[in-house]
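A.B. asks: In my numbering, the protein residues as written are 1 to 150.
Mind looking over this structure? Questions follow.
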């Protein structure tokens with residue numbers, strides 16, 4: 001059976017991975033400060049990110065939000081790298097789906113349905129789920145390990 005997922009899975013892995021890494025770069029301030037000149041910068045620094053994260057978890061105090069924000073950021077960094085390189089792709093895709101599903105639920109509950117729509121959380125969640133169902137990840141570390149490199 002011919003694998004028709006070669007290029008789509010590669011593009012999906014790269015798009016999802018870059019999406020995670022750009023988001024992490026934003027909250028680390030690597031893309032510049034938030035402001036009128038940088039309209040595409042959502043947070044611009046860690047403090048702004050944690051303030052926003054606190055709105056998604058109003059039942060936690062600031063130190064706990066900081067820890068959860070750190071865990072989420074670490075998870076997004078690892079998932080992004082795994083997706084781009086194609087290492088443990090199915091696991092990374094499932095992790096991406098679960099993480100963004102939690103984001104979507106928290107955003108919807110505490111900010112309303114428009115927040116996850118504006119951040120495109122639902123498409124990322126479902127694209128990750130779709131990626132997890134693809135049988136072979138060509139041009140990946142996974143395919144090299146399995147001896148199916150093309």
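Backbone N, C-alpha and C fix where the C-beta goes; we use that ideal spot for every residue, glycine too.
Owing to the predicted nature of the structure, the values given are computational and were not obtained by experimental measurement.
Just tell me which of 8, 5, 12 and 2 has its CA closest to the CA of residue 128.
C.D. replies: In the chain shown, counting from the first residue as 1, residue 128 sits at position 128. Of the candidates 8, 5, 12 and 2, the one whose C-alpha sits nearest the C-alpha of residue 128 is 12.
A.B. asks: Quick check: what's the CA-CA separation for residue 23 versus residue 4?
C.D. replies: Looking up residue 23 in the chain shown gives position 23. Looking up residue 4 in the chain shown gives position 4. Taking the straight line joining both Cα atoms gives about 30 Å.
A.B. asks: Go to residue 76, then tell me how far its alpha helix (DSSP H) extends in each direction, as first and last residue.
C.D. replies: Your numbering for residue 76 matches position 76 in the chain shown. Residues 62-85.
A.B. asks: In three-state terms, what does DSSP make of residue 147?
C.D. replies: The residue you call residue 147 lines up with position 147 of the chain shown. Correct three-state label for residue 147: coil.
A.B. asks: Which residue's Cα is closest to the Cα of residue 140: 26, 84, 93 and 30?
C.D. replies: For the purposes of this step, residue 140 is taken as residue 140 along the chain shown, with counting starting at 1. Cα-wise, what sits closest to residue 140 is 84.
A.B. asks: Considering only residues of the same chain and omitting the five flanking positions on each side of residue 100, which have a CB-CB separation below 6 Å?
C.D. replies: Looking up residue 100 in the chain shown gives position 100. So the qualifying residues of the chain are 121, 124 and 125.
A.B. asks: What do you reckon, are the CB atoms on residue 69 and residue 53 nearer than 8 Å?
C.D. replies: As a first step, residue 69 must be located in the chain shown, where it is residue number 69. As a first step, residue 53 must be located in the chain shown, where it is residue number 53. In this structure, residue 53 lies closer than 8 Å to residue 69 by Cβ.
A.B. asks: Between residue 132 and residue 97, which are expected to be in contact by the criterion C-beta below 8 Å, what is the C-beta distance as a whole number of angstroms?
C.D. replies: Residue numbering aside, residue 132 sits at position 132 when the chain shown is read from its first letter. Residue numbering aside, residue 97 sits at position 97 when the chain shown is read from its first letter. Right, the Cβ-Cβ distance comes to about 7 Å (below 8 Å), so this counts as a contact.
A.B. asks: Leaving aside the five residues before and after residue 77 along the sequence, list all residues of the same chain whose C-beta is less than 6 Å from its C-beta, in chain order.
C.D. replies: By 1-based counting over the chain shown, the position of residue 77 is 77. The answer, listed in chain order, is 24.
A.B. asks: Quick one: give me the first and last residue of the alpha helix (DSSP H) that residue 117 is part of.
C.D. replies: On the chain shown, residue 117 is found 117 positions in, with the first residue counted as 1. Element bounds for residue 117: 114-118.
A.B. asks: So, residue 87 versus residue 142, is the Cβ gap smaller than 8 Å?
C.D. replies: For this step, residue 87 is matched to residue 87 along the chain shown. For this step, residue 142 is matched to residue 142 along the chain shown. Closer than 8 Å, so yes.
A.B. asks: State the Cα-Cα distance for the pair residue 41 and residue 35, rounded to the nearest angstrom.
C.D. replies: Numbered from 1 along the chain shown, position 41 holds the residue referred to as residue 41. Numbered from 1 along the chain shown, position 35 holds the residue referred to as residue 35. Going by the C-alpha atoms only, they are around 7 Å apart.
A.B. asks: Tell me where the alpha helix (DSSP H) around residue 49 begins and ends.
C.D. replies: Position 49 of the chain shown holds residue 49. Run containing residue 49: 46-56, per the alpha helix (DSSP H) assignment.
A.B. asks: If you follow the alpha helix (DSSP H) that residue 22 is part of, which residue opens it and which one closes it?
C.D. replies: Locating residue 22 in the chain shown gives position 22, where the first residue counts as 1. From DSSP, the alpha helix (DSSP H) with residue 22 extends over 6-27.
A.B. asks: Roughly how far, in whole angstroms, is the beta-carbon of residue 81 from the beta-carbon of residue 95, given that I think they are within contact range, below 8 Å?
C.D. replies: One-based indexing of the chain shown puts residue 81 at position 81. One-based indexing of the chain shown puts residue 95 at position 95. Actually they are not in contact, since the Cβ atoms of residue 81 and residue 95 sit about 12 Å apart, beyond 8 Å.
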